[in-house]
Amino acid sequence: MIKQHSLVFFILFLLTIGTANAQYGNGYGNGGGYGNGYGNSNGYGSNRMDRSNQVQDTPEKPKEIPVEVTVGEIMKKMTPELKLDALQEIAIGNVLKESIREQGIIIKDEKVGQDQKLKEVTALSEITTRKINEYLNPDQKDLYKKWIAQKTDSKKSKRKK
7 MIKQHSLVFF ILFLLTIGTA NAQYGNGYGN GGGYGNGYGN SNGYGSNRMD RSNQVQDTPE
67 KPKEIPVEVT VGEIMKKMTP ELKLDALQEI AIGNVLKESI REQGIIIKDE KVGQDQKLKE
127 VTALSEITTR KINEYLNPDQ KDLYKKWIAQ KTDSKKSKRK K
């Protein structure tokens, strides 16, 4: 039971990274944000040409962070903690990429209810953990369990705040 909870929290952790980066990384340094909404380049009046090209009343979706970026962030933390070699890092990275892509498909499926999505994500998490464990030696498996537990505990403490 605890193993299932930790797996669910791990998957939610992965989603949280992507969501947080998408929310906070959007709009700065790419022409968005403050200071570019007052007409033409000199800052006065309006330029009809510019206004006609704007899409009206459609909120801009946050940019999705590529799976590779999310996996890269996870692997930066996981590799030293588990003492992974280069082959393990590549193999586990590929497992995580596949898992995150599948998870995105599950979450975006509007035909399925939240309960079903949770069950599917939990099952995917268990499969992902099994695949990752196939690449780890016994010592690394123990470190992986502790690493997951640590991530789960830090999520719980953040939620309480």
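Under my numbering, the first residue of the sequence shown carries the number 7, and numbering increases by one thereafter. Note that CB positions come from ideal geometry on N, CA and C, so glycine has one too.
Asked	Found
State the DSSP-derived secondary structure class of Lys142, mapped to helix, strand or coil.	One detail in the question is off: residue 142 reads as Leu in this sequence, not Lys. If DSSP states are grouped into helix, strand and coil, Leu142 belongs with coil.
Report the residue from Leu90, Lys82 and Val73 whose alpha carbon sits nearest the alpha carbon of Asn139.	Leu90
Among the residues of its own chain, which have a CB less than 7 angstroms from the CB of Val101, if the five just before and after it don't count?	Thr134, Lys137 and Ile138
Can you tell me whether Lys123 is helix, strand or coil according to DSSP?	helix
Can you tell me whether Ile96 is buried or exposed, with buried defined as 16 or more other CB within 10 angstroms of its CB?	exposed
For Pro86, report the span of its alpha helix (DSSP H) as first-last.	Val73 to Leu88
Return helix, strand or coil for Lys69, following the three-state DSSP convention.	coil
Please report the Cβ distance between Val73 and Lys103, rounded to the nearest whole angstrom; I am assuming they are in contact, meaning their Cβ atoms lie under 8 angstroms.	5 angstroms
Express the C-alpha separation of Ser160 and Ile106 in angstroms, rounding to a whole number.	21 angstroms
Tell me which same chain residues have a C-beta within less than 6 angstroms of the C-beta of Lys4, skipping the five on either side of it?	In this structure the chain extends from 7 to 167, so residue 4 is not present and cannot be described.
Compute the Euclidean distance between the alpha carbons of Lys125 and Pro86, then round it to the nearest angstrom.	31 angstroms
Within a Cβ cutoff of 8 angstroms, which residues of the same chain sit near Asp115, ignoring the five residues on either side of it in sequence?	Lys123
For a test of the three-state rule: what should DSSP assign to Glu116, helix, strand or coil?	coil
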